[in-house]
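Residue numbers (this note's numbering), protein chains in the order written: chain L, 18 to 681; chain U, 0 to 135.
For each residue, glycine too, the CB sits at the ideal point set by N, CA and C.
All remarks here apply to the structure that follows.
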């Protein structure tokens, strides 16, 4: 079977090379039939990759250990869902998965847009093909998932920390996001190559970008939750290089999603948008490079492998080619309009972009700092948590504020009077909230207080917008309030979906500020029968017990929790000792308060032979808002992503109007 | 081609200036990060550093009472590169002899005294097995 897989990948490589060469030739010479054949090759490349993936998946599920990859990543006893997850768990498999998603997205994006943007498509195809050539070359020649060996009796199994339901979702979403960013990149480059530098590439890829961005966001939140409940150090994000690797393209894509609107409406920021897409795509590649090359110290340490230099070369090539092209098309990318006032919606979006980009680049600086300092000073230096936290506040808090201002401020030039009427209520709400919080004692953390005040401001603007819009629709003759509300959203999904996403970001900000700025920590070594106080909670350590389960020994300390006079039941925290893997893992105890969103988080840090346990206990206010933000984020993304034929027609019509050169 | 100066350029220029100013502010306050070094490079350095090395036994003591004592040697280096380390605070699950760890602290009287709770272990089980030539 391995031969079939290898052969299928070879076919994919051949088809991709053909799609690249034939596609480029067809576009250059204006040969329509050749261009069509290149498109078909791209579609066929998807199917051959699908065959290869099916072979690998079958081998994983059947535990065919003659596949080197299967033996290295799974074992006979591994539950089936984790055998499947091993597809993207190892390096070779994840590259194949990348290729599969890439060819699928490429084929689909080309097919969906070929009716109305043909001259763009003919150039996007060779770009897709070029990326596919790179990845199929990797899986064919450098890191093949189909290497065979004499089958060992059993595989080496999967790391216990990966045997977790999150392993099924978290990487998949991240890959969908990373790969999804290829689509806007390919169309942007296609637009530059074809010289048709109008807004159509944006319209063609709008949903793709949104999808990729939403997937990246969901993937990261899943990862954060995984870290919180399973890894058990009391946090959810540690500014680790691999976490940053996913955050950076997400920030770039966020900037792009916003600046796109300015280009659509006002024809501005054309060069900027191409640069953002290029940045997002390169950062997605860079993320894969980081996670797979082992060049940086990370808590995620993946296989150190030989694909690193290939990735660097490909990133360098991508950036060089794109920038050269961009430079050559600069005269055509001159914007017909320009910024009229620094107080306008365009300007607000521009500030948002600059802040997002600044945040993205400072993170990038932190990530590559060890490498740079090694090159310059001859020794590695690392930037710690304080560096990132500092810049998150410096750039993040103004961003939060802009989230309330940007969507409401007038286009072109906002007058003072309009500013007062628009922002009177939100500002009042924000100031009152801030005042109340100071009275309640939240002034202990200034950044926290500022974050809450800004959050109140943004929430007030969002609520105002929904109320105003719904009222207007009701006045226009909707029968009922729910009907008016529904029609409001369905008439402008991007706008109202965007507001919902903004609400999610506000929840996220409140959750992050609450759980980091206002948390309480206590540590104590307790013997059974002793108790400790944390915040308003009292924890009494009752007993320690040991249980044997199929693959591990579980040691659990039982604690009785109470708050004031109220008995809140018991909580278990302890450790699992995995027999075969010879690893120990913390199993934390978490008690979530549904009403306040507060978590009591207990780690049994050290368990002594005499039964005494060293506990670390956190009280994290509002941390559950972070996970709730995830749900709201999904809701907003779905609203914005929901197919909307009317809007698409409108955008297409406008693009036609704005003057597509009538050649060909 | 003379173009009228647009506010966009001014805005961008000012923003870049602001970002640079913030950067300077930060680096002047917080310094440029801690050096990250191997145990063999530690001799004679008094400033705070981040040590990256491999745990050598025996591991003695209690991390929550008096501190954990062990040695750390260069990854891929011999026992001659080892330095004694004292650490207090939370010990990650994966800590044991033969594992790579990262730890912050400074050298005092020949012993590397780590800051409380700074120990990080690197995931041992690379998500695939070690190959020949991989360190440890």
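Close to residue 603 of chain L, with beta-carbon spacing below 9 Å, are these residues of chain U in chain order: 91, 92. In this structure, the alpha-carbon of residue 640 of chain L lies about 48 Å from that of residue 346 of chain L.
At a beta-carbon threshold of 7 Å, none of the residues of chain L lie near residue 44 of chain U; the nearest stands roughly 10 Å away. Inter-segment contact for the region 489-501 of chain L and the region 444-456 of chain L is absent: fewer than three beta-carbon pairs are separated by less than 8 Å. Taking each of L:388, L:568, L:590, L:570 in turn and checking the Cα distance to residue 578 of chain L, the smallest one comes out for L:590. Each of L:584, L:460, L:519 was checked against the Cα of residue 652 of chain L, and the nearest Cα belongs to L:519. Taking 8 Å as the Cβ-Cβ cut-off, the region 41-73 of chain U approaches chain L at 49, 51, 61, 62, 63, 64, given in chain order. If you ignore the 5 residues before and after residue 214 of chain L, its C-beta comes within less than 8 Å of the C-beta of 208, 287, 346, 349, 350, all in its own chain and listed in chain order. The beta carbon of residue 34 of chain U sits closer than 7 Å to some beta carbon of chain L. Assigned with DSSP and collapsed to three states, residue 542 of chain L falls in strand. Nearest neighbour of residue 622 of chain L by Cα position, chosen from L:614, L:228, L:601, L:407, turns out to be L:601. The continuous alpha helix (DSSP H) containing residue 445 of chain L extends over residues 433-457.
Excluding the 5 residues flanking it on each side, residue 34 of chain U has same chain C-beta neighbours closer than 6 Å at 48, in chain order.
The beta carbons of residue 40 of chain L and residue 143 of chain L sit about 4 Å from each other, so the pair counts as a contact at 8 Å.
Short of 8 Å from the beta carbon of residue 460 of chain L, and not among the five residues preceding or following it, lie these beta carbons of its own chain, in chain order: 454, 466.
Distance check between residue 83 of chain U and each of U:7, U:22, U:39 places U:39 closest, using alpha-carbon atoms only. If the five residues before and after residue 355 of chain L are omitted, its C-beta is found closer than 8 Å to the C-beta atoms of 285, all from its own chain and listed in chain order. Identification of chain U residues near residue 396 of chain L by a Cβ-Cβ cut-off of 8 Å yields 34, 35, 36, 40, ordered along the chain. With three or more CB-CB distances shorter than 8 Å, the region 116-132 of chain L counts as touching the region 197-212 of chain L.
In the DSSP annotation of this structure, the continuous segment of the alpha helix (DSSP H) that includes residue 190 of chain L starts and ends at 183-197.
Setting aside the 5 residues that flank it on each side, residue 113 of chain L is surrounded in the same chain by 69, 70, 73, 156, 162, each with a C-beta closer than 7 Å to its C-beta; the list follows chain order. Exposure of residue 547 of chain L is indicated by the presence of fewer than 16 other C-beta atoms within 10 angstroms of its C-beta. Taking the beta carbon of residue 512 of chain L as reference, no residue of chain U falls within 8 Å; the closest one sits roughly 24 Å away.
Within chain U, no C-beta atom comes less than 9 Å from the C-beta of residue 591 of chain L; the nearest is roughly 12 Å away. Taking the C-beta atoms as reference points, residue 489 of chain L is found no nearer than 7 Å to residue 426 of chain L.
When only Cα atoms are considered, residue 248 of chain L and residue 62 of chain U end up about 20 Å apart. Contact annotation for residue 21 of chain U against chain L: 411 [CB-CB distance below 7 Å, chain order]. Here residue 623 of chain L carries a strand assignment [DSSP, helix/strand/coil]. Contact note: residue 18 of chain U reaches chain L through 375, using a C-beta cutoff of 7 Å and chain order. Contact check for residue 54 of chain U and residue 100 of chain U: beta-carbon distance about 6 Å, within the 8 Å limit, so the pair qualifies.
Shown here, residue 245 of chain L sits in a helix according to DSSP, grouped into three states.
With distances taken between CA atoms, residue 35 of chain L lies nearest to L:145 out of L:129, L:370, L:145. Counting the other CB atoms within 10 Å of its CB gives residue 100 of chain L a total of 16 or more, which places it among the buried residues. The beta carbon of residue 66 of chain U lies closer than 8 Å to those of 60, 85, 86, 87 in the same chain, with the five residues before and after it left out. Secondary structure in the region 110-140 of chain L: no beta strand (DSSP E) run of 3 residues or longer lies completely within the stretch.
Taken atom to atom, the span from the alpha-carbon of residue 510 of chain L to that of residue 226 of chain L is near 15 Å.
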